[in-house]
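A.B. asks: Have a look at this one.
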């Protein structure tokens with residue numbers, strides 16, 4: 914795997930699209946681990962991926978932090994919800 918940031922971002926995006934079985938996302942929300950209850954309130958995720966399963970992502974820096982990316986339908990928009998740090 915490349916160390917090029919753009920190549921890693923592209924590979925991670927491709928992996929997320931493949932896992933969600935979609936062509937694109939409408940919005941991305943970046944939330945810390947303390948925001949899991951707010952993320953839960955957005956709705957049930959159709960896809961939930963550990964960041965360590967995505968190219969270029971490191972494990973969460975703090976023990977017990979989420980380190981997940983969810984795909985959630987929010988008001989008819991397909992949202993990526995990043996949790997953790």
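Residue numbers (this note's numbering): 914 to 998. We treat Cβ as the ideally placed atom computed from N, Cα and C, and that holds for glycine.
1. So, does the CB of residue 929 fall closer than 9 Å to a CB anywhere in chain D?
2. Do the segment 959-967 and the segment 976-991 touch if we need at least three Cβ pairs shorter than 8 Å?
3. Short check: CB of residue 993 to CB of residue 952, under 9 Å?
4. Which two residues bound the contiguous beta strand (DSSP E) that contains residue 961?
5. Check each candidate in 986, 946 and 957 and name the one with the smallest Cα separation from residue 974.
C.D. replies: Per the coordinate set shown:
1. Going by chain labels, chain D is absent from the structure shown, which holds only one protein chain.
2. yes
3. On the chain shown, residue 993 is found 80 positions in, with the first residue counted as 1. On the chain shown, residue 952 is found 39 positions in, with the first residue counted as 1. No, they are not a contact pair.
4. The residue you call residue 961 lines up with position 48 of the chain shown. Its beta strand (DSSP E) spans residues 960-963.
5. To locate residue 974, count along the chain shown from 1; it is residue 61. Nearest option by C-alpha distance: 946.
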